[in-house]
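Residue numbers (numbering that gives the first Met the number 0), protein chains in the order written: chain A, 0 to 310; chain B, 0 to 310.
Just so it is clear, CB atoms sit at the ideal spot from N, CA and C, and this is done for glycine as well.
What follows is a single structure, written as structure tokens, with notes after it.
Protein chains: 2
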Amino acid sequence: MTIDSKPLFGKVALLGIGLIGSSMAYAIRRAGLAAHIAGYTRSPESLEAARAIGFADTLHDTPEAAVREADFVVLATPVGAFAQLAQSIAPHLKAGAIVSDVGSVKAAVIHEVGPHIPAGVHFVPAHPIAGTEQSGPEAGFPELFDGRWCVLTPPAGTDPQAVETVRTFWRRCGSEVEIMDAKHHDLVLAITSHVPHLIAYNIVGTAADLETVTQGEVIKYSAGGFRDFTRIAASDPTMWRDVFLNNREAVLEMLGRFNEDLTALQRAIRWGDGEALFNLFTRTRAIRRSIVEAGQDTPAPNFGRSRARKP
Amino acid sequence: MTIDSKPLFGKVALLGIGLIGSSMAYAIRRAGLAAHIAGYTRSPESLEAARAIGFADTLHDTPEAAVREADFVVLATPVGAFAQLAQSIAPHLKAGAIVSDVGSVKAAVIHEVGPHIPAGVHFVPAHPIAGTEQSGPEAGFPELFDGRWCVLTPPAGTDPQAVETVRTFWRRCGSEVEIMDAKHHDLVLAITSHVPHLIAYNIVGTAADLETVTQGEVIKYSAGGFRDFTRIAASDPTMWRDVFLNNREAVLEMLGRFNEDLTALQRAIRWGDGEALFNLFTRTRAIRRSIVEAGQDTPAPNFGRSRARKP
Numbered sequence: 000m001t002i003d004s005k006p007l008f009g010k011v012a013l014l015g016i017g018l019i020g021s022s023m024a025y026a027i028r029r030a031g032l033a034a035h036i037a038g039y040t041r042s043p044e045s046l047e048a049a050r051a052i053g054f055a056d057t058l059h060d061t062p063e064a065a066v067r068e069a070d071f072v073v074l075a076t077p078v079g080a081f082a083q084l085a086q087s088i089a090p091h092l093k094a095g096a097i098v099s100d101v102g103s104v105k106a107a108v109i110h111e112v113g114p115h116i117p118a119g120v121h122f123v124p125a126h127p128i129a130g131t132e133q134s135g136p137e138a139g140f141p142e143l144f145d146g147r148w149c150v151l152t153p154p155a156g157t158d159p160q161a162v163e164t165v166r167t168f169w170r171r172c173g174s175e176v177e178i179m180d181a182k183h184h185d186l187v188l189a190i191t192s193h194v195p196h197l198i199a200y201n202i203v204g205t206a207a208d209l210e211t212v213t214q215g216e217v218i219k220y221s222a223g224g225f226r227d228f229t230r231i232a233a234s235d236p237t238m239w240r241d242v243f244l245n246n247r248e249a250v251l252e253m254l255g256r257f258n259e260d261l262t263a264l265q266r267a268i269r270w271g272d273g274e275a276l277f278n279l280f281t282r283t284r285a286i287r288r289s290i291v292e293a294g295q296d297t298p299a300p301n302f303g304r305s306r307a308r309k310p
Numbered sequence: 000m001t002i003d004s005k006p007l008f009g010k011v012a013l014l015g016i017g018l019i020g021s022s023m024a025y026a027i028r029r030a031g032l033a034a035h036i037a038g039y040t041r042s043p044e045s046l047e048a049a050r051a052i053g054f055a056d057t058l059h060d061t062p063e064a065a066v067r068e069a070d071f072v073v074l075a076t077p078v079g080a081f082a083q084l085a086q087s088i089a090p091h092l093k094a095g096a097i098v099s100d101v102g103s104v105k106a107a108v109i110h111e112v113g114p115h116i117p118a119g120v121h122f123v124p125a126h127p128i129a130g131t132e133q134s135g136p137e138a139g140f141p142e143l144f145d146g147r148w149c150v151l152t153p154p155a156g157t158d159p160q161a162v163e164t165v166r167t168f169w170r171r172c173g174s175e176v177e178i179m180d181a182k183h184h185d186l187v188l189a190i191t192s193h194v195p196h197l198i199a200y201n202i203v204g205t206a207a208d209l210e211t212v213t214q215g216e217v218i219k220y221s222a223g224g225f226r227d228f229t230r231i232a233a234s235d236p237t238m239w240r241d242v243f244l245n246n247r248e249a250v251l252e253m254l255g256r257f258n259e260d261l262t263a264l265q266r267a268i269r270w271g272d273g274e275a276l277f278n279l280f281t282r283t284r285a286i287r288r289s290i291v292e293a294g295q296d297t298p299a300p301n302f303g304r305s306r307a308r309k310p
């Protein structure tokens, strides 16, 4: 198709150049999606690092400068900074530009960002469901979005052509695209991402605080399962703080269900109800199988992780 | 050293030839630790599979036949079967033989198995802290124990020479060996392994039961974190049922602490206490770093898992 061989945008502005922003720059370059990639970060260290790596054509220390003449503007900082960013860039947005984001929560983002978007500019909220536990401009790589889902949550009345352009953008970055209601997105992500992160952070904290088991023991014997949780609990603290503050309702709802179920399991252990335990443990195996079949994880044992060795 | 070049044992009997038993057979072969490896399983399918693979010299459908003339006997079934196994083999054990096991709980195993061990036979309980989410004789591989810890929990009065022999055995299987009190082992493993498995099983169950989010959505969007939990929740149901039934006290103790901490986090989310969230999320990053530095996990992002792709 001809559309696949010419840049989708003249200029793309990435406001935030951490793991997601820098990976987008690589993916944009790989697919030839923009004639010019501009990056913004308020951190002088990140700006310096990005300059050394060279994934952007221009780098800016103000969002206003980055968005000038941009056709596609992506908010890619932690979501807590979105409202301020949107307010700052609003007067500088080009007519007909598309503003999008990569936030892990969507209803709050629409609520915070939407009112700042000027007439004649389109707002198409998006969430690429991809990442690693690492952060910063050095953490990005072009394949991050390959085979992963990107969810768009355009509010009612969004220009269909703008939605279509953002869909094409993410497809050409390697993703599959789904369109969803923002509130439903937040509920789905609460169970597939936010609550898992919360309980991972929580158990790592619980383990760190024990007085009967030393931290050295926790680290030494982590191969029994705990180490998987520590990977998730090593994710960016600011990003995740903002997720929980901005998806409160859905997270508390899912956490309530998790707690109910855990209390039942706890009771089964206390009363020696082996059948209840066995039944749950059998049921959960099928879900893993489906995820591997859906291409969302590797079938290799232990994620195929290369065996870590003492230095 | 001369001791490293000659077999440690004439005959080793592996009672149970699933992931751990079959991996032991490979590791024994790799290090030349036994002149003869005998395997036992009560499952005709596993017996047939093991025969086809060929990791054992002889295979038996009764434990009595497998332990005859064995110098080293290892209980490697789920721990719920240990008492019955120990009772069955007791009259057939060779004088001077060492009985050991690979159970994930130790106080209960000592309590259940200990009384069956005849005079003149040594009992050295062991727990190699290694595994994958897969099970059965096809799942084993020789490197499973490399760089992992194996904990021995010999009861007071155990023959020091027998303990030393088991330590040498596991070292030559690739492990590092630690000696620990059984009750302390059970507490350490409750937090590093048992509770993590329980909460992984639990959240996968919670997700499967939702009526507002479909199972298809849970699977599609699992790359946000959930998929890590499904790997753990795909572990062998019988083995894990037996772990929880046999380490009840320590698991309930650790679960109580986990719940307390989770309630505090839940409250922080409800009241918008971003500082409490940020502080915890920062603290947990350091633990991950220590685990990677200790050689207990890979530093590669996402465990270095190869990107899964749709078929």
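Query - Span of the beta strand (DSSP E), counted from its first residue to its last, around residue 25(B) - result: For this step, residue 25(B) is matched to residue 26 along the second sequence. That residue, residue 25(B), is in no beta strand (DSSP E); its alpha helix (DSSP H) goes 18-30.
Requested in this report: With 8 angstroms as the threshold, decide whether the Cβ of residue 226(A) is near any Cβ in chain B.
Outcome: Residue 226(A) sits at position 227 when you count from the first residue of the first sequence. By this cut-off, residue 226(A) is an interface position.
Requested in this report: Write down the C-beta distance between residue 104(B) and residue 301(B) rounded to the nearest angstrom, noting that I regard them as a contact closer than 8 angstroms.
Outcome: Numbered from its first residue, the second sequence carries residue 104(B) at position 105. Numbered from its first residue, the second sequence carries residue 301(B) at position 302. Residue 104(B) to residue 301(B), Cβ: 31 angstroms. No contact.
**Report entry** Interface positions of the region 212-224 of chain B facing chain A (Cβ-Cβ less than 8 angstroms), listed along the chain
**Finding:** 212, 214, 216, 217, 218, 219, 220, 221, 222, 223, 224
Requested in this report: From the DSSP output, in three-state form, read off residue 239(A) for me.
Outcome: In the first sequence, the residue the question calls residue 239(A) occupies position 240. DSSP places residue 239(A) in helix when its eight states are reduced to three.
Query raised in the report: Taking only runs of the alpha helix (DSSP H) that begin and end inside the region 118-171 of chain A, which ones reach a length of at least 4 residues, in chain order?
Result: 159-171
Report task. Express the C-alpha separation of residue 168(B) and residue 127(B) in angstroms, rounding to a whole number. Result -> Start at 1 with the first residue of the second sequence, and residue 127(B) comes out as number 128. Start at 1 with the first residue of the second sequence, and residue 168(B) comes out as number 169. Rounded to whole angstroms, residue 127(B) to residue 168(B) spans 12 angstroms at the Cα level.
Report task. Write down the C-beta distance between residue 286(B) and residue 207(A) rounded to the nearest angstrom, noting that I regard them as a contact closer than 8 angstroms. Result -> Along the second sequence, read from residue 1 onward, the residue named residue 286(B) stands at position 287. Along the first sequence, read from residue 1 onward, the residue named residue 207(A) stands at position 208. That pair is a contact at about 6 angstroms.
**Report entry** residue 220(B) versus residue 241(A) - alpha carbon distance
**Finding:** Start at 1 with the first residue of the second sequence, and residue 220(B) comes out as number 221. Start at 1 with the first residue of the first sequence, and residue 241(A) comes out as number 242. Between residue 220(B) and residue 241(A), the C-alpha separation is close to 20 angstroms.
Query raised in the report: Taking only runs of the beta strand (DSSP E) that begin and end inside the region 176-204 of chain A, which ones reach a length of at least 3 residues, in chain order?
Result: none
Report task. Using a Cβ-Cβ cut-off of 8 angstroms, state whether residue 148(B) counts as contacting chain A. Result -> Position 149 of the second sequence holds residue 148(B). Chain A contact via Cβ: present.
Query raised in the report: Since residue 139(B) meets chain A, which of its residues come closer than 8 angstroms, beta carbon to beta carbon?
Result: Position 140 of the second sequence, counting from 1, holds the residue named residue 139(B). What residue 139(B) touches in chain A: nothing, since even the nearest Cβ is about 10 angstroms away.
Requested in this report: Output yes if chain A places a C-beta closer than 8 angstroms to the C-beta of residue 296(B); else output no.
Outcome: As a working mapping, residue 296(B) is identified with position 297 in the second sequence. Yes, residue 296(B) lies at the interface with chain A (some Cβ there is under 8 angstroms from its Cβ).
**Report entry** Stretch pair the region 162-179 of chain A + the region 196-206 of chain B: three plus CB contacts closer than 8 angstroms
**Finding:** no
Requested in this report: Using 10 angstroms around the beta-carbon of residue 305(A), count the other beta-carbons present and answer buried if the total reaches 16, otherwise exposed.
Outcome: If you number the first sequence from 1, residue 305(A) lands on position 306. Flag for residue 305(A) reads exposed.
Report task. Please confirm if the region 75-83 of chain A is in contact with the region 46-58 of chain A, defined as three or more CB-CB distances below 8 angstroms between the two stretches. Result -> no
Query raised in the report: Which residues in the same chain as residue 129(A) place their Cβ atom closer than 6 angstroms to its Cβ, once the five residues preceding and following it in sequence are excluded?
Result: Start at 1 with the first residue of the first sequence, and residue 129(A) comes out as number 130. These residues qualify, in order along the chain: 143, 144, 147.
Report task. Classify residue 54(A) as helix, strand or coil using the three-state DSSP reduction. Result -> Numbered from its first residue, the first sequence carries residue 54(A) at position 55. Here residue 54(A) sits in coil by DSSP.
Query raised in the report: Are the Cβ atoms of residue 92(A) and residue 120(A) separated by less than 8 angstroms?
Result: What you label residue 92(A) is simply residue 93 of the first sequence in a count that begins at 1. What you label residue 120(A) is simply residue 121 of the first sequence in a count that begins at 1. Yes, these two residues count as a Cβ contact at 8 angstroms.
**Report entry** Span separating the alpha-carbon of residue 184(A) from that of residue 216(B)
**Finding:** If you number the first sequence from 1, residue 184(A) lands on position 185. If you number the second sequence from 1, residue 216(B) lands on position 217. Computed Cα separation, rounded: 10 angstroms.
Query raised in the report: So what's residue 12(B) in DSSP terms, helix, strand or just coil?
Result: Taking the first residue of the second sequence as position 1, residue 12(B) is located at position 13. Residue 12(B): strand per DSSP, three-state reduction.
Query raised in the report: Going by Cα to Cα distance, which pick from 253(B), 254(B), 280(B) is closest to residue 264(B)?
Result: Counting from 1 along the second sequence, the entry for residue 264(B) is found at position 265. The shortest C-alpha separation from residue 264(B) is found at 280(B).
Query raised in the report: residue 114(A): buried (16+ other C-beta within 10 angstroms of its C-beta) or exposed?
Result: The sequence position of residue 114(A) within the first sequence is 115, counting from 1. Classification of residue 114(A): exposed, given that the 10 Å Cβ count is below 16.
Report task. Specify, as a first and last residue, the run of the alpha helix (DSSP H) that residue 323(A) falls within. Result -> As displayed, chain A neither begins before 0 nor continues past 310, which places residue 323(A) out of reach and without an answer.
Report task. Please decide whether residue 132(A) counts as near chain B, where near means a Cβ-Cβ distance under 8 angstroms. Result -> Position 133 of the first sequence holds residue 132(A). True, the Cβ-Cβ gap to chain B drops below 8 angstroms.
Query raised in the report: How long is the line joining the alpha carbons of residue 137(A) and residue 97(B), rounded to whole angstroms?
Result: Looking up residue 137(A) in the first sequence gives position 138. Looking up residue 97(B) in the second sequence gives position 98. Computed Cα separation, rounded: 53 angstroms.
Report task. Please report how far the alpha carbon of residue 35(A) lies from the alpha carbon of residue 269(B), in whole angstroms. Result -> Here the question's residue 35(A) lines up with position 36 in the first sequence. Here the question's residue 269(B) lines up with position 270 in the second sequence. Near 43 angstroms, if we compare the C-alpha coordinates of residue 269(B) and residue 35(A).
Query raised in the report: Hey, residue 218(B) and residue 227(A) are a contact pair by Cβ (cut 8 angstroms); roughly how many whole angstroms apart?
Result: The residue labelled residue 218(B) in the question sits at position 219 within the second sequence. The residue labelled residue 227(A) in the question sits at position 228 within the first sequence. Actually they do not touch by this definition, with Cβ atoms about 19 angstroms apart.
Query raised in the report: Cα separation between residue 78(A) and residue 258(B)?
Result: Taking the first sequence and counting its residues from 1, one reaches residue 78(A) at position 79. Taking the second sequence and counting its residues from 1, one reaches residue 258(B) at position 259. Rounded to whole angstroms, residue 78(A) to residue 258(B) spans 28 angstroms at the Cα level.
Query raised in the report: Should residue 24(A) be flagged as near chain B, meaning a C-beta pair shorter than 8 angstroms?
Result: Numbered from 1 along the first sequence, position 25 holds the residue referred to as residue 24(A). Not closer than 8 angstroms to any Cβ of chain B, the Cβ of residue 24(A) fails to qualify, so no.
Report task. Report the option in 233(B), 57(B), 17(B) whose CA atom is closest to the CA atom of residue 289(A). Result -> Translated into the one-based positions of the first sequence, residue 289(A) becomes position 290. It is 233(B).
Query raised in the report: DSSP on residue 223(A), reduced to helix/strand/coil?
Result: For the purposes of this step, residue 223(A) is taken as residue 224 along the first sequence, with counting starting at 1. Residue 223(A) falls in the helix class under three-state DSSP.
Requested in this report: Check the Cβ-Cβ distances between residue 0(B) and every residue of chain A, and say whether any is below 8 angstroms.
Outcome: For the purposes of this step, residue 0(B) is identified with residue 1 of the second sequence, where counting begins at 1. Residue placement at residue 0(B) is flagged as unreliable, the pLDDT there being 42, under the threshold of 50; a coordinate-derived value is accordingly withheld.
**Report entry** Partners in chain A for residue 196(B), counting only beta-carbon separations shorter than 7 angstroms
**Finding:** Here residue 196(B) refers to the residue found at position 197 of the second sequence. In chain order: 224.
Query raised in the report: What residue from 135(A), 254(A), 260(A), 151(A) has the CA that sits closest to residue 236(A)'s CA?
Result: Locating residue 236(A) in the first sequence gives position 237, where the first residue counts as 1. Selected option, being the one with the closest Cα: 135(A).
Requested in this report: Return the CA-CA distance between residue 176(B) and residue 7(B), expressed in angstroms with no decimal places.
Outcome: Numbered from 1 along the second sequence, position 177 holds the residue referred to as residue 176(B). Numbered from 1 along the second sequence, position 8 holds the residue referred to as residue 7(B). Near 17 angstroms, if we compare the C-alpha coordinates of residue 7(B) and residue 176(B).
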